Amino acid sequence: MSRLSRNLVTIYRTERLIARRRLAVMQQQTILMVLAGIAALAGLVALNVAIFFALETLMSSAGAAAVLAAGNLLLAALLVLFARRTNVEDEIAPAVEVRDMAIADVEDEMEEMATEAREVVQAVKSIGANPLGSLPALLVPLLTALLKSRAEK
Numbered sequence: 310m311s312r313l314s315r316n317l318v319t320i321y322r323t324e325r326l327i328a329r330r331r332l333a334v335m336q337q338q339t340i341l342m343v344l345a346g347i348a349a350l351a352g353l354v355a356l357n358v359a360i361f362f363a364l365e366t367l368m369s370s371a372g373a374a375a376v377l378a379a380g381n382l383l384l385a386a387l388l389v390l391f392a393r394r395t396n397v398e399d400e401i402a403p404a405v406e407v408r409d410m411a412i413a414d415v416e417d418e419m420e421e422m423a424t425e426a427r428e429v430v431q432a433v434k435s436i437g438a439n440p441l442g443s444l445p446a447l448l449v450p451l452l453t454a455l456l457k458s459r460a461e462k
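Per the working numbering, the very first residue in the sequence shown carries number 310; after that it's consecutive.
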């Protein structure tokens, strides 16, 4: 059973690691989004005023305002794209692989245990029909399970 418990602990730990990494990436993305918003508001106010006055000498006030609005939207879109570029899947791929291997090992061990239990049940059922002849059929699965558990320790 030590292999089973070890695999269950591995699954638990890798799930925690995966969740932590996903949360960390989401926090980082949120911080970058907030910083993008603050930068857009603080920097663009001063820049917009300066560019507006410069463009107003070349075109009408409405045209200068439209050019500034388009530039502001473009900058905001670039900041959002940069914040979304961070990908958690590449970081957690090794942990996901370890978790999947542990789950597969647990499934295999559970199948082995179910097979051994079926063999013992079948041997117990056959005792009524042939008590002495079914003794080896009963002892073999029990001894196999006992030796396997002793070898794991």
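Yeah, the Cβ is synthetic: ideal placement off N, Cα and C, and Gly gets one too.
Note that this is a predicted model, so its numbers are computed, not measured.
{"Check": "Could you give the first and the last residue of the continuous alpha helix (DSSP H) run that contains residue 319?", "Outcome": "311 to 365"}
{"Check": "What does the alpha-carbon distance come out to for the pair residue 321 and residue 408?", "Outcome": "8 Å"}
{"Check": "Using the Cβ count rule (16 or more neighbours within 10 Å means buried), how would you classify residue 339?", "Outcome": "exposed"}
{"Check": "Taking the straight line between their C-alpha atoms, what separation do you get for residue 426 and residue 342?", "Outcome": "56 Å"}
{"Check": "Helix, strand or coil for residue 438 per DSSP?", "Outcome": "coil"}
{"Check": "For residue 373 versus residue 383, is the C-beta spacing smaller than 8 Å?", "Outcome": "no"}
{"Check": "Indicate whether residue 345 and residue 376 have their beta-carbon atoms separated by less than 8 Å.", "Outcome": "no"}
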